[in-house]
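Asker: Anchor point for the sequence shown: position 872 equals 872 in UniProt numbering, and the numbering is continuous, going up by one each time.
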Amino acid sequence: MKAVVIMAVLCCVCLWWCHFFLLWITIDGQTRYSIPEELKQGSLVGNLAKDLGLVVSELYRRKLRITSEAGKQYFSMDLGKGELVVIDRIDREELCGQRPSCVLPLELVIDDPLQLHRVEIEIQDTNDNYPSFLTKEKVVKIAELVNPGARFPLESAQDPDVGTNSVRSYLISKNDNFKLTVKNHKDGRKIPELVLEKPLDREKLPVHNLILTAVDGGDPVRSGTSEITVIVLDNNDNAPQFERQVYEANVSEKATPGTEILHVKATDADEGLNGEIEYYFAEQTADLILSLFDIDASTGAVVVKGTLDHETNSLHRFDITAKDKGNPEMDGHCGVEIKIVDINDNIPEIIVTSLTSPVAEDSAIGTVIALLSAKDPDSGDNGKVTLMVSSKSPFKLNPSVSNHYSLVTNGPLDREKNGRYSVKITATDSGRPPLSSEKIIRVELLDVNDNPPVFSQPSYVVHVKENHPPGKILCSLTASDPDSGENAKVSYSILDSKVQDVSVSSYVYINSENGSIYSMHSFDYEKLKVFQIQVQAKDQGSPSLSSNATVHVFILDQNDNAPAVIYPSSAALGSVSHQRMPRSAKAGHLVTKVTAVDADSGHNAWISYKLAEATDASLFTVNLYTGEVRTKRAVSEQDDSSQRLLIEIRDDGEPVQSSTVTVSILLEDGLHEPILDLRQKVSEPSKKNGRITLYLILSLASVSVLSLLTFLVLAVKCIRNSRSSGSCCMRRSDCDDYKNPNRNLQIQLNTDGPIKYVEVLGGDMLSQSQSFRSCMSPMSEYSDFTLIKPSSTTDFKEVISVLDASLPDSTWTFESQQVSRNIMQILSLYCSGGFEIVDLSVCLSVFAQCLVKIFRIDAATLRVPIRSPLIGWWKWMLCTNRIQNCTKQSSPCPQHPASTL
Numbered sequence: 001m002k003a004v005v006i007m008a009v010l011c012c013v014c015l016w017w018c019h020f021f022l023l024w025i026t027i028d029g030q031t032r033y034s035i036p037e038e039l040k041q042g043s044l045v046g047n048l049a050k051d052l053g054l055v056v057s058e059l060y061r062r063k064l065r066i067t068s069e070a071g072k073q074y075f076s077m078d079l080g081k082g083e084l085v086v087i088d089r090i091d092r093e094e095l096c097g098q099r100p101s102c103v104l105p106l107e108l109v110i111d112d113p114l115q116l117h118r119v120e121i122e123i124q125d126t127n128d129n130y131p132s133f134l135t136k137e138k139v140v141k142i143a144e145l146v147n148p149g150a151r152f153p154l155e156s157a158q159d160p161d162v163g164t165n166s167v168r169s170y171l172i173s174k175n176d177n178f179k180l181t182v183k184n185h186k187d188g189r190k191i192p193e194l195v196l197e198k199p200l201d202r203e204k205l206p207v208h209n210l211i212l213t214a215v216d217g218g219d220p221v222r223s224g225t226s227e228i229t230v231i232v233l234d235n236n237d238n239a240p241q242f243e244r245q246v247y248e249a250n251v252s253e254k255a256t257p258g259t260e261i262l263h264v265k266a267t268d269a270d271e272g273l274n275g276e277i278e279y280y281f282a283e284q285t286a287d288l289i290l291s292l293f294d295i296d297a298s299t300g301a302v303v304v305k306g307t308l309d310h311e312t313n314s315l316h317r318f319d320i321t322a323k324d325k326g327n328p329e330m331d332g333h334c335g336v337e338i339k340i341v342d343i344n345d346n347i348p349e350i351i352v353t354s355l356t357s358p359v360a361e362d363s364a365i366g367t368v369i370a371l372l373s374a375k376d377p378d379s380g381d382n383g384k385v386t387l388m389v390s391s392k393s394p395f396k397l398n399p400s401v402s403n404h405y406s407l408v409t410n411g412p413l414d415r416e417k418n419g420r421y422s423v424k425i426t427a428t429d430s431g432r433p434p435l436s437s438e439k440i441i442r443v444e445l446l447d448v449n450d451n452p453p454v455f456s457q458p459s460y461v462v463h464v465k466e467n468h469p470p471g472k473i474l475c476s477l478t479a480s481d482p483d484s485g486e487n488a489k490v491s492y493s494i495l496d497s498k499v500q501d502v503s504v505s506s507y508v509y510i511n512s513e514n515g516s517i518y519s520m521h522s523f524d525y526e527k528l529k530v531f532q533i534q535v536q537a538k539d540q541g542s543p544s545l546s547s548n549a550t551v552h553v554f555i556l557d558q559n560d561n562a563p564a565v566i567y568p569s570s571a572a573l574g575s576v577s578h579q580r581m582p583r584s585a586k587a588g589h590l591v592t593k594v595t596a597v598d599a600d601s602g603h604n605a606w607i608s609y610k611l612a613e614a615t616d617a618s619l620f621t622v623n624l625y626t627g628e629v630r631t632k633r634a635v636s637e638q639d640d641s642s643q644r645l646l647i648e649i650r651d652d653g654e655p656v657q658s659s660t661v662t663v664s665i666l667l668e669d670g671l672h673e674p675i676l677d678l679r680q681k682v683s684e685p686s687k688k689n690g691r692i693t694l695y696l697i698l699s700l701a702s703v704s705v706l707s708l709l710t711f712l713v714l715a716v717k718c719i720r721n722s723r724s725s726g727s728c729c730m731r732r733s734d735c736d737d738y739k740n741p742n743r744n745l746q747i748q749l750n751t752d753g754p755i756k757y758v759e760v761l762g763g764d765m766l767s768q769s770q771s772f773r774s775c776m777s778p779m780s781e782y783s784d785f786t787l788i789k790p791s792s793t794t795d796f797k798e799v800i801s802v803l804d805a806s807l808p809d810s811t812w813t814f815e816s817q818q819v820s821r822n823i824m825q826i827l828s829l830y831c832s833g834g835f836e837i838v839d840l841s842v843c844l845s846v847f848a849q850c851l852v853k854i855f856r857i858d859a860a861t862l863r864v865p866i867r868s869p870l871i872g873w874w875k876w877m878l879c880t881n882r883i884q885n886c887t888k889q890s891s892p893c894p895q896h897p898a899s900t901l
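#1: In chain order, what residues of the same chain lie with their CB nearer than 6 Å to the CB of glycine 306, ignoring the 5 residues before and after it?
#2: Verify the CB distance criterion: does alanine 157 have a CB-CB separation below 9 Å to chain B?
#3: Who are the near neighbours of aspartate 331 in its chain, counting only those whose CB is closer than 8 Å to its CB and skipping five residues on each side?
#4: For a quick check, are the C-beta atoms of valine 576 and serine 569 less than 9 Å apart?
#5: Buried or exposed for proline 469, please, with buried defined as at least 16 other CB atoms from any protein chain shown within 10 angstroms of its CB.
#6: Does the ligand SAH have even one heavy atom less than 8 Å from the beta-carbon of alanine 249?
#7: From serine 641 to valine 663, what does the alpha carbon distance come to, in whole angstroms?
#8: Considering only their Cβ atoms, is the gap separating valine 635 from valine 594 smaller than 9 Å?
#9: What residue does the alpha helix (DSSP H) around cysteine 96 start on, and which one ends it?
#10: What are the start and end residues of the alpha helix (DSSP H) that includes alanine 49?
#11: Which same chain residues, not among the five before or five after residue 902, have their C-beta less than 6 Å away from its C-beta?
#12: Output the boundary residues of the alpha helix (DSSP H) element that contains isoleucine 289.
#13: Let me confirm a value: histidine 521 is counted as buried when at least 16 other C-beta atoms fall within 10 Å, else exposed. Which label applies?
#14: Note down the Cα distance separating glutamate 684 from phenylalanine 554, rounded to an integer number of angstroms.
#15: What did DSSP end up calling valine 408 once you bin it into helix, strand or coil?
#16: Just to confirm, is the Cβ distance from valine 215 to proline 160 under 9 Å?
#17: Please report the straight-line C-alpha distance between histidine 404 and valine 368, rounded to a whole angstrom.
#18: Please classify isoleucine 343: does DSSP put it in a helix, a strand, or coil?
#19: Closer than 6 Å by C-beta to phenylalanine 281: which residues in its own chain qualify, once you throw out the five before and the five after it? Chain order, please.
#20: For glutamine 657, report the span of its beta strand (DSSP E) as first-last.
#21: I'd like to confirm the pairing. Which residues does DSSP put opposite serine 57 in its beta bridges?
#22: With DSSP run on the structure shown, which of helix, strand or coil describes alanine 701?
#23: Give me the residue from Val85, Val359, Ala143 with the minimum Cα distance to leucine 407.
#24: On a CA-only basis, which of Ile191, Gln73, Glu107 is nearest aspartate 91? Give me that one, please.
#25: I'd like the ranges of any beta strand (DSSP E) spanning at least 3 consecutive residues and lying wholly in the stretch 166-214.
#26: Exposed or buried, what is tyrosine 625 when buried is set at 16 or more other beta-carbons lying within 10 Å of its beta-carbon?
#27: Are the CB atoms of isoleucine 123 and leucine 106 nearer to each other than 9 Å?
#28: Looking at glutamine 532 and valine 551, is the spacing between their C-beta atoms short of 9 Å?
#29: Just mark tyrosine 60 as buried or exposed, buried being the case when its beta carbon has 16 or more other beta carbons within 10 Å.
#30: Could you spell out the range, first to last residue, of the beta strand (DSSP E) harbouring methionine 581?
#31: Suppose contacts are defined by Cβ-Cβ distances below 9 Å. Is asparagine 209 in contact with asparagine 165 by that definition?
#32: If you reduce the DSSP assignment to three classes, tell me which class alanine 432 lands in.
#33: Looking at isoleucine 172 and leucine 145, is the spacing between their C-beta atoms short of 9 Å?
#34: Tell me whether the stretch 384-400 and the stretch 422-432 touch, counting them as touching only if at least three CB pairs, one residue from each stretch, are closer than 8 Å.
#35: Strictly by DSSP, which residues pair up with asparagine 147?
#36: What are the complete beta strand (DSSP E) segments, minimum 3 residues, inside the UniProt domain "Cadherin" (456-565)?
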């Protein structure tokens, strides 16, 4: 009794130590723990966070989870401590049966980044099962005349425990005739055998009652018993004997019912009925064996009865009994081992252990998407599985341990091109023929803000009429973003910039949601003709991305300005212009000239003059376009000495704007032409002018010689250029344009009236004319010569600047050096091939005008001022050194200050 108590105490101590002192080791990168079975719930297995080098505080954020190949969860992770604990009863015999090693593999999956840790839990056996016999009572019949030494096999005890905890020995109760021996089988089984030591005497003791005890090697020791009844029989001296003690055979799991596996054979030395043998399954044969196999009682043939499955049980052991028909019956025993040969009859299975979806589209190459494992219950090559992924997808499989794989990215991902991937995984075993299966893993891509908004066009052009009401929509901009969600939400804003030193936001505003731009006030074309708006489209991603577009706003002119009179100056101030005219004036006599400008542009600035009222309408006429007031006939004595003219000035806009000017003309006797007086004054030479005239002649001769030399040099250059370009005095790029024989060239020189100008016109019959005008004013000694080129190749801002520069000021005076530079640019550029004039006569005409302007030759008197030669020589040298490239643009002369561009 004391011994039993001591053993119980030792068992409790052992279990206590197993609960609190667990061993763990790391093998080949895998963490391994050893624990006994039957641990209580909550028992500590090990500190995984410490052993794997994980940060406990990050376990919850990284979503650590445990998966088990056993299907049922026996363990869980305490995320607060990083400890692995038991959560359910663990029965080693249930998990692993009689396998000597019982290892429960676990997989720890951690996200962000995705990691897989394999942990093995070795379940150690404890002696928690008793040895047991399938039959509690066994009857053994032995003939009375059997010789001592005969052996009779008994049933082996079953113990679910393994190792030292399994059956270690057998004991037989004390008796006079039998002893017990144990036969060790090659597979490790221990088979008890009853051996006859002394002859039996049926008359003395016909029945012997024995107790067979099976004892395991555990601590504490556990045992089981079976009652053996030996019946002593009369007559029938010999029992059947099998040729072999153990029969072994292999059969394919594909074998159909009725397939013969093997033959067992026993012989009996008796004759007659005592020698006839029948075969049966032993009494303790399990029901599974009886459902799978059958035996022919007369032949001993063992055949297939049910469906065999290598994966369920690859080895079957059972006993066969051979009985004769004697009286009493005698029997013999043998063992049978049938191995089930595996065939490739199981399709590989793909198991997704962990899947991360959605995946950010900017994930780096090598990012783990999923953890996979392959499983095939077949054995050998039939159970070797290989996983493959479609080569067309941007993913690949990296093999891990124990048929585990990680699915990782193998190329860049782009959600805008493909927002979802269906990755096909194929599992193929190595059997013959190989079997395969497929699994589709759907990977969603998570949008990343990697695309800026894109406008429908990089720049927009908007035309808006001046004087439009405030709040009017100018245009609507649209930007699209291929991203999704917040990354695709676009807001619009106007970047700050200056328009005439004023923030552009004071002119317009934009709807941040739909990109519509509205005006904040009306525009005035005369003050602002064009401006730009920089619009930014910005998404709501993090970080946000943006793009810009330029909106060019052009203000369209409206006819909102009436013509303004600039000459006569008194009329421009609102008073009556008083003019004098001799009564001796003939028809066509120029009385005065009315000049007006219109701040508008285009057709709105085309000005026409009309005589609205007159004291005598038959005496005067007004030129419709120039505003010149001339006599229609000669003045007679009957005409009133005071004539009043009301001149109406109208533009060509819609609606028409107009203004009037009143001119009062006084007819006087004895009033001479100013030009004649000037001729008389000039015709009176003095002695002081004689020497100066000599200097003038010498200067003119020098300049003429220099000019001739210059023209010769330039002519040679033109001839050389003409060999390659095909024409002289023109740009090579425009050579084809100037070969047109229908090109019309005109030179108009007007020296009459207050405004003098030279106009050079050139153009095709079907093309827009090109106008080059020099505009001069008699109001000052320093006249202006301005060259305006065609506007076909200029930009809008340059046109505007030229327009502004062309509008006259109140004094209508300009610098003379600018005049000289422009004149010499015409001449120099023409002769160098940089000016677009074809006819050489035109060049000579322009040169003649240059001489007139430089040396200030009076067109009426042909007289040269005293200082003109020296000044002209200096200007000629200055201008020839300032050759500049000309751009094509046109601008009106002052007599038509608002002509159409």
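For every residue, glycine included, the Cβ atom is placed at its ideal position computed from N, Cα and C.
Being a predicted model, the structure only gives us computed values, none of them experimental.
Answerer: Short version:
#1: Within the same chain, glycine 306 has close Cβ partners Ser291, Leu292.
#2: Structure shown: chain B not included; a single protein chain is present.
#3: So the qualifying residues of the chain are Lys141, Ala239, Pro240, Thr321, Ala322, Lys323, Asp324.
#4: Against a cut-off of 9 Å, the Cβ pair of serine 569 and valine 576 comes out as no contact.
#5: Flag for proline 469 reads exposed.
#6: For the ligand SAH, the structure offers nothing, since it holds no ligand at all.
#7: Each residue's alpha carbon lies about 14 Å from the other.
#8: No; because the gap between Cβ atoms is not below 9 Å, this pair is not in contact.
#9: Taken as a continuous stretch (DSSP letters only), the alpha helix (DSSP H) holding cysteine 96 covers 92-96.
#10: Alanine 49 -> alpha helix (DSSP H) spans 48-52.
#11: The question about residue 902 has no answer here: the residues shown for the chain are numbered 1 through 901.
#12: Per DSSP, isoleucine 289 belongs to the alpha helix (DSSP H) from 287-292.
#13: By the Cβ-count criterion, histidine 521 is exposed, with fewer than 16 other Cβ atoms from all chains shown falling within 10 Å of its own Cβ.
#14: The pLDDT assigned to glutamate 684 is 48, lower than 50, so where the model puts this residue is not dependable; a value taken from the coordinates is nonetheless given after this. The straight-line gap from Cα to Cα measures roughly 60 Å.
#15: For valine 408, the three-state secondary structure derived from DSSP is strand.
#16: Taking 9 Å as the cut-off, the beta carbon of valine 215 is found no closer than this to the beta carbon of proline 160.
#17: Here the alpha carbon of histidine 404 sits roughly 13 Å from the alpha carbon of valine 368.
#18: Here isoleucine 343 carries a coil assignment [DSSP, helix/strand/coil].
#19: Result list for phenylalanine 281: empty, nothing under 6 Å.
#20: For glutamine 657, no beta strand (DSSP E) segment is defined, and its DSSP state is neither H nor E.
#21: DSSP output for serine 57 lists no bridge partner at all.
#22: Residue state, collapsed to three classes: helix.
#23: Of the candidates Val85, Val359, Ala143, the one whose C-alpha sits nearest the C-alpha of leucine 407 is Val359.
#24: Closest in alpha carbon position to aspartate 91, among Ile191, Gln73, Glu107, is Gln73.
#25: The stretch 166-214 contains these whole beta strand (DSSP E) runs: 167-172, 178-184, 190-196.
#26: Exposed: under 16 other Cβ atoms inside 10 Å.
#27: Cβ distance not < 9 Å, so isoleucine 123 and leucine 106 don't count as in contact.
#28: Glutamine 532 sits close to valine 551, with the two beta carbons spaced by under 9 Å.
#29: With fewer than 16 other Cβ atoms within 10 Å, it is exposed.
#30: Unbroken beta strand (DSSP E) run through methionine 581: 577-582.
#31: Between asparagine 209 and asparagine 165, the gap from beta carbon to beta carbon reaches 9 Å or more.
#32: In the sequence as displayed, the identity of residue 432 is arginine instead of alanine. It is coil, neither helix nor strand.
#33: For leucine 145 and isoleucine 172, no; Cβs fall outside 9 Å.
#34: Pairwise C-beta distances place the stretch 384-400 in contact with the stretch 422-432, as three or more of them are shorter than 8 Å.
#35: Paired residues: none, contrary to the question.
#36: Counting whole runs of 3 or more residues, the UniProt domain "Cadherin" (456-565) contains the beta strand (DSSP E) stretches 459-465, 473-476, 490-494, 508-510, 516-519, 530-539, 546-556.
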